[in-house]
Amino acid sequence: MPAKKYIVRLDYEERNQLNKLVKTGKAAAYKRQRAQILLNADIGEVGPALKDHEIAQHLGVGHRTVERTRQRLVELGLEKALERTPRKRNKPRLFDGEKEAHLIALSCSEPPAGRSRWTLKLLAQKMVELEYIDSVSAESVRCILKKRHQTLAT
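Counting along the sequence shown from 1, when you hit position 129 you're at 109 in the numbering used here, and nothing is skipped either side.
Here it is as structure tokens:
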């Protein structure tokens, strides 16, 4: 097994901060869990210096969670090691503010001839027909209208 690349060595203040976070129980569970990982991985004078697999087994987390937490501490510092990483959005948003405004205006307008009200599918088709958007599903339309508190029967 290769030597650990990211070594956790906590100073007195960091150790006290993490102990306080774990013992008060006021922090989010993920923060307390990461604090426990760092406390157990500490190779300082008072740290238990447990191995990753021991920490993972003791806390009921995955081995990679322990590794990533140690890595984040070394690379980004204590505060970032305790926080969640922001999620990256893989695809661009389908609707911007202008397209949402067109959809809402359309949903408030008169329904097509022969219909008593707009359906989600009709709204989606009309948005494509008016070339506001290339393609859109009825579910996307529903989510946008729900977000904007529009009432519409399906």
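Virtual Cβ for every residue (Gly too), placed ideally from N, Cα, C.
Scanning the stretch 22 to 47 for uninterrupted beta strand (DSSP E) segments of 3 residues or longer gives nothing; none is fully contained. Segment contact: the stretch -15 to 5 against the stretch 54 to 65, three or more CB-CB distances shorter than 8 Å; contact assigned. Around the beta carbon of Asn20, a 10 Å sphere encloses 16 or more other beta carbons of the protein chains shown; the residue is thus reported as buried.
Here DSSP, grouped into helix, strand and coil, assigns Ala7 to coil.
Taking C-alpha positions only, Glu90 is separated from Arg48 by approximately 55 Å.
Within a 10 Å sphere around the beta-carbon of Lys(-15) sit fewer than 16 other beta-carbons, which makes this residue exposed. Separation of Ile124 and Arg52 (C-alpha to C-alpha, rounded to the nearest whole angstrom) is 36 Å. The beta carbon of Glu(-6) sits closer than 6 Å to those of Leu58, all from its chain and outside the five residues before and after it, given in chain order. Cβ-Cβ distances below 7 Å link Gly42 to Ala36 in the same chain, with the five nearest sequence neighbours on each side left out; the list follows chain order. For the pair Trp98 and Ser87, the CB atoms are nearer than the 7 Å cut-off. At a Cβ-Cβ threshold of 7 Å, Ala118 and Lys101 count as neighbours.
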